[in-house]
Structure formats: C-alpha cells, structure tokens
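In my numbering, the protein residues as written are 1029 to 1248. Backbone N, C-alpha and C fix where the C-beta goes; we use that ideal spot for every residue, glycine too. Just so you know, these numbers come straight off a predicted model, no measurement behind them.
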Amino acid sequence: DYMAHLLLRYSDDSEQWRQALGLVEDMLWGLELSGSAGEWLRWRQNYLWMESLIDKCFDVIGYDTDKALKLKRSISRIYQLRERNLKPEAATEDIRKRLVQMSERRAGQRADMSHLSNQEKTIIEKLRLMEFGTWFEYKNGRREKVAWFNPNSLQFLFVDQSGKRSGMKTGNELARAISNGDLRMIGASDKPLVERSMESIFTDLNGRAHARASGAQHVG
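Shown next, in the form of structure tokens:
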C-alpha cells in the first residue's frame, strides 16, 4: 500500500519512490548477507535507520498500530533466522518484483467506465477535477477526506476525521454512491471554498444526488 501511495502521488521518477525502493533493497540485502561478521555489523547498524523508515511508512498510510507491531516483529524474526543460517522461504528477487509490479499495476490501469450510466460518467469527470483534501459525507453523517487519488486509475485513498486511513474506493463506487444519493461532497473543514470552479463542482454533484434521492422518494 505504501509503494502504491508513493507511485500514485509522486510517480516512479521521484525521490520518495527511489527512497522506498532503497528500503526494499536494504531489506533484501539482509537476506543475502554472507557469514562475514563485519558485513553483519554494517547491516545491523543500517537496520536502525530502516526501522525508523518502516515506522514512517506505516504512519503515512495510517496502518493499524497493533498490526504494524506484529509485522515489524515478523520482519525481525526473518533476519534472526537468516543470521542463524536458516534459509527464508521466499526468494528475495521474487519479493522485490512482486512489490514493484503490484504498485505499478495499481497506478497504471485506467478505470473502465463502459458499464456506467451517462450521469455516473459525468460525475466521474467532475471527480477528476477534485482537490486533495475534499470531504465526503454519508447518509449516516460519517465523513471521510480524500488523501490522494489517481485521475487515470480513479483509485481514491480516504482518511477519517482523525486522519487515519479508512480505505480505498474506486471512482465508479463514488459515482454510484453520489448518483444514488448515498454520498455527497462537502467543503473541506479547515478552509472556505473560495475557488469558484470547485463550488460549481460541489453544487452540481450535490444537486444530482438530491434530485436522485427526491425522485426515489416520489416513486416510493
């Protein structure tokens, strides 16, 4: 998830992406070390930096604290086994390839809108113009903020009001929810909407959602 986040937000030509790949390579380095005491010493010294960066990765994507702790323990256990000359189960090169391919696959695919209604397609095009930090509200009053999104793959990362990651949604899912009146776009809580273009988008989307909801009530 962290690799996908960096690729979507900064691209594979960014310093953030290169730093993340460096972390992956350093983690793999620990699985490929020889029995040299000097080499292990250098790696252990480097592992302190790796641990701090891993913690930062968890914070960025809002990873559950307990799960993060368990995962860190599992990582440490792998290196302990390696140091005792026990071969890890997975091939290191395969792990690296899967990580990179997964991130590229998530970021590179364009969303399929062929099965959407015309109204939903219109909503999708307006969602592409949305800013990071835009808030959405559900019927039950729950609110989520768009932390980032990719306008091509239409993958949206949401955080809750405490700033913790609440999940990923596709543009198709958002368009259907807005069209059905189950979700509406609202202004960001930390600043007024001063951009007239954004005000127009909010008004249009919320108007469509209200009209849809009113129509459903009349039918019922």
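DSSP has residue i in a bridge; who is on the other side?
i	result
Lys1154	DSSP output for Lys1154 lists no bridge partner at all.
Asn1337	Look at the range of the chain in this structure, 1029 to 1248, and you will see that residue 1337 is not part of it.
Glu1165	Arg1171 and Arg1212
Arg1193	Val1187
For the alpha helix (DSSP H) holding residue i, just list the boundary residues, first then last.
i	result
Trp1206	With the sequence shown as reference, residue 1206 is identified as Ile, and Trp is not the correct amino acid for it. Here the alpha helix (DSSP H) through Ile1206 covers Gly1199 to Ser1207.
Glu1260	One cannot answer for residue 1260 here, as it falls past the ends of the chain, which runs 1029 to 1248.
Tyr1038	Tyr1030 to Tyr1038
For residue i, which of helix, strand or coil comes out of DSSP?
i	result
Ile1082	helix
His1143	coil
Ile1103	helix
Gly1090	coil
Glu1060	coil
Glu1159	coil
Leu1221	Confidence at Leu1221 is low in this model, with a pLDDT of 40, below 50, so its placement is unreliable and the value that follows should be read with caution. Coil.
Ala1118	With a pLDDT of 48 at Ala1118, under the threshold of 50, the modelled position of that residue is not reliable, and the figure given next carries that caveat. Here Ala1118 sits in coil by DSSP.
Lys1098	helix
Leaving out five residues on either side along the sequence, give the residues of the same chain with a beta carbon under 6 Å from the beta carbon of residue i.
i	result
Ala1203	Glu1148, Ile1151 and Ile1152
Glu1165	Arg1171, Arg1212 and Ile1214
Asp1029	Ile1089
Lys1192	Gly1090
Thr1162	Val1174
Met1158	none
Arg1156	Pro1179
Ile1103	none
Can you give me the Cβ contacts of residue i inside the same chain, cut-off strictly under 7 Å, excluding the 5 residues immediately before and after it?
i	result
Glu1043	none
Leu1293	Here the chain comprises residues numbered 1029 to 1248, so residue 1293 is not present and cannot be evaluated.
Cys1085	Tyr1030
Asp1188	Glu1172 and Ser1194
Arg1037	Trp1176
Asp1054	Asn1074 and Met1078
Asp1210	Tyr1166 and Lys1167
Considering only residues of the same chain and omitting the five flanking positions on each side of residue i, which have a CB-CB separation below 8 Å?
i	result
His1033	Val1088, Ile1089, Trp1176 and Leu1185
Lys1115	Any answer about Lys1115 is weak, because its pLDDT of 45 lies below 50 and its placement is not dependable; what the coordinates show is given next. There are no such residues.
Glu1079	Lys1100
Ser1039	Trp1045
9 Å is my cut-off, CB to CB: does residue i come that close to chain C?
i	result
Lys1149	The chain inventory of the structure shown lacks chain C, comprising one protein chain alone.
Stretch pair the region 1196-1203 + the region 1175-1187: three plus CB contacts closer than 8 Å: Result yes; three or more Cβ-Cβ pairs closer than 8 Å.
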